[in-house]
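1539 is the number that our numbering gives to position 100 of the sequence shown; each next residue is one higher, with no gaps. What follows is a single structure, written as structure tokens, with notes after it.
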Amino acid sequence: MTSITSDALPRRIPLAEPLLHGNEWKYVKDCLDTNWVSSVGSYVDRFEQMLAQRAGVRHAVACVNGTSALHVAYMVAGIGADDEVMMPALTFAAPAFAARYVGAWPLFIDVDRTTLTIDPVSVRDALVTACEVRDGHLVNKQTGRRVRAIVAVDLLGHPADMDALRAIADEYRLCLIEDAAESLGAVYRGLSIGSKSDVACFSFNGNKIITTGGGGMLVTNNASWAERARYLTTQAKDDPVEYIHNAVGYNYRLTNIQAALGVAQMEQLDAFVAAKRRIAERYRSALAGIPGIRVPQEAPWAQSTYWLYTIGVDPKTFGMTSRELLKMLTSDLIASRPLWHPLHSLPPFVGCTAHRVAVADEWYASGLSIPCSVGLSEEDQHRVCEAIRHAARTAS
Ligand SMILES: *Cc1c(COP(=O)(O)O)cnc(C)c1O
């Protein structure tokens, strides 16, 4: 059959698709065979234990997705109406949306040019120049709102500089929350990510490094926060017989079927990260020499998961913009995607402060994520590199 179609168009190469070739079927079948399909079950417990162990923390609470985990993280950290949380302007919007769920507002900070994670120098600069202490509270001078937390997003799988952020958080008595949705399997100064923050959140959406179809997890060393998170995510039942609720509850629990997928995927995490890092290494050696292409770099203290492999395209040297390259790749049936629109200029965040976010804007213009599925073949990867080289020749 393949010989008949071999002259036809090549196969479309997706950006990042899941790989479900381990024990997924077996464990899901086990859920169906035993009738344990809903939000209680042994796979939920096992999945939570695996995540806690991996992150090196004591407690893990499964959630329906990463966004709900962030929502619960803000609630247990006591962040509420008219508080502000410092976060990078360049990120997927979930940590900013979740802030709004509790009535809080983002205070947008710039990202580091190399790691694309929140820049500790910019965080400190914002605290020194844009904030002041009023009545014993740290407030944003422009809005008058209390600043309560730093949200570190490990963007594209590269860890944020947690020690530097921790020092600032301690000095200003801020909570340190980690959005690790893209960085499960990454290493910060020899440690798995997730233990350096007060609370960290993971996502198991279909395009993440491991997937449960949809899912999330909150991890923390704080026992009372973990207990509160479990309470809030399970409808805040104070008496499960009489149905007494002393707080507004949420139905944020992950099902056993999803957790069964998660356990099977966790068994393969190390292999997935190794595959991503091999792909990154091959891209680096193939693309680093092309004028106007910037390949991602790791900080000396980090091992990235290279969740989405993202190049920077300098139109002056490369000869076309990242969006023009995207169009050329699309016509070659190769998926690619720009980085997220910086949040500070989007309608839901009008009225938020953005503190000197030039690097976020630059990376938004130049960034392009290219195919990096765990299962990407060397042949397909070669096709992507050739297409970029071809674009470079066309442009110059
Ligand atoms: C994917 C993602 C989330 C949200 O996860 P969902 O499971 O899709 O809700 C949060 N933050 C970042 C940085 C993400 O990439």
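Just so you know, even glycine gets a beta-carbon here, dropped at the ideal spot from N, CA and C. Since this is a predicted model, take the numbers as computed values, not measurements.
On the DSSP letters alone, give me the boundaries of the beta strand (DSSP E) that A1501 sits inside.
Within the sequence shown, residue 1501 is the residue found at index 62, counting from 1. Counting along the chain, the beta strand (DSSP E) containing A1501 begins and ends at H1498 to C1502.
Taking the runs of the beta strand (DSSP E) that are 3 residues or longer, which of them lie wholly in the region 1451 to 1500?
Whole beta strand (DSSP E) segments, 3+ residues: zero.
In the DSSP assignment, what are the bridge partners of G1596?
For this step, residue 1596 is matched to residue 157 along the sequence shown. For G1596, which the question treats as bridged, DSSP gives no partner whatsoever.
Look at the alpha carbon of I1548 and the alpha carbon of N1474, and state the distance between them as a whole number of angstroms.
Reading the sequence shown from its first residue, position 109 is the one you call residue 1548. Reading the sequence shown from its first residue, position 35 is the one you call residue 1474. Spanning the two alpha carbons is a distance of roughly 48 Å.
So is V1467 buried or exposed if we call it buried at 16+ other beta carbons inside 10 Å?
Within the sequence shown, residue 1467 is the residue found at index 28, counting from 1. Looking at its Cβ environment, which holds 16 or more other Cβ atoms inside 10 Å, V1467 is buried.
For Q1707 and M1601, what's the separation of their Cα atoms in angstroms?
The residue labelled residue 1707 in the question sits at position 268 within the sequence shown. The residue labelled residue 1601 in the question sits at position 162 within the sequence shown. In this structure, the CA atom of Q1707 is about 26 Å from the CA atom of M1601.
Decide if Q1492 is buried, meaning its Cβ has at least 16 other Cβ atoms within 10 Å, or exposed.
Looking up residue 1492 in the sequence shown gives position 53. That one is exposed.
Under the three-state reduction of DSSP, which class applies to F1531: helix, strand or coil?
Within the sequence shown, residue 1531 is the residue found at index 92, counting from 1. DSSP places F1531 in coil when its eight states are reduced to three.
Straight-line Cα distance separating G1814 from E1456:
Here residue 1456 refers to the residue found at position 17 of the sequence shown. Here residue 1814 refers to the residue found at position 375 of the sequence shown. Each residue's Cα considered, the two are about 8 Å apart.
Pull up the distance between the alpha-carbon of S1812 and that of I1718, whole angstroms please.
Working through the sequence shown from its first residue, we reach residue 1812 at position 373. Working through the sequence shown from its first residue, we reach residue 1718 at position 279. Straight across, the Cα-Cα distance linking S1812 with I1718 is about 9 Å.
Please state if the CB of E1617 and the CB of A1639 are separated by a distance shorter than 7 Å.
Position 200 of the sequence shown, counting from 1, holds the residue named residue 1639. Position 178 of the sequence shown, counting from 1, holds the residue named residue 1617. Yes, they are a contact pair.
What residues match up with N1690 in a beta bridge as DSSP calls it?
In the sequence shown, the residue the question calls residue 1690 occupies position 251. As a beta-bridge residue in DSSP terms, N1690 pairs with T1673.
Is there at least one non-hydrogen atom of ligand 1 closer than 6 Å to the beta-carbon of G1655?
Walking along the sequence shown from the start, residue 1655 turns up at place 216. In this structure, ligand 1 has a non-hydrogen atom nearer than 6 Å to the beta-carbon of G1655.
Mapping the DSSP letters down to three states, classify S1808 as helix, strand or coil.
Position 369 of the sequence shown, counted from the start, is the residue given in the question as residue 1808. S1808: strand per DSSP, three-state reduction.
Just the Cα atoms here: how many angstroms apart are L1594 and T1556?
Taking the first residue of the sequence shown as position 1, residue 1594 is located at position 155. Taking the first residue of the sequence shown as position 1, residue 1556 is located at position 117. For the pair L1594 and T1556, the Cα-to-Cα distance works out to about 6 Å.
For E1621, verify whether its CB is less than 6 Å away from any heavy atom of ligand 1.
By 1-based counting over the sequence shown, the position of residue 1621 is 182. At least one heavy atom of ligand 1 is nearer than 6 Å to the Cβ of E1621, so yes.
Which runs of the alpha helix (DSSP H), 4 residues or longer, sit entirely within the region 1683 to 1769?
Counting only runs of 4 or more residues that sit fully inside the region 1683 to 1769, the alpha helix (DSSP H) segments are 1695 to 1705, 1708 to 1726 and 1754 to 1757, in chain order.
If you scan the region 1599 to 1643 from start to end, which runs of the alpha helix (DSSP H) of 4 or more residues do you find wholly inside it?
Listed in chain order, they are 1601 to 1611.
My understanding is that T1651 touches Q1697, with C-beta atoms under 8 Å, so please give their C-beta distance in whole angstroms.
Taking the first residue of the sequence shown as position 1, residue 1651 is located at position 212. Taking the first residue of the sequence shown as position 1, residue 1697 is located at position 258. Your pair T1651 and Q1697 checks out as a contact, with CB atoms roughly 4 Å apart and the cut at 8 Å.
R1776 and S1808 - do their beta-carbons sit closer together than 7 Å?
Within the sequence shown, numbered from 1, the residue matching residue 1808 stands at position 369. Within the sequence shown, numbered from 1, the residue matching residue 1776 stands at position 337. Closer than 7 Å, so yes.
From D1677 to I1683, what does the alpha carbon distance come to, in whole angstroms?
Position 238 of the sequence shown, counted from the start, is the residue given in the question as residue 1677. Position 244 of the sequence shown, counted from the start, is the residue given in the question as residue 1683. The straight-line gap from Cα to Cα measures roughly 5 Å.
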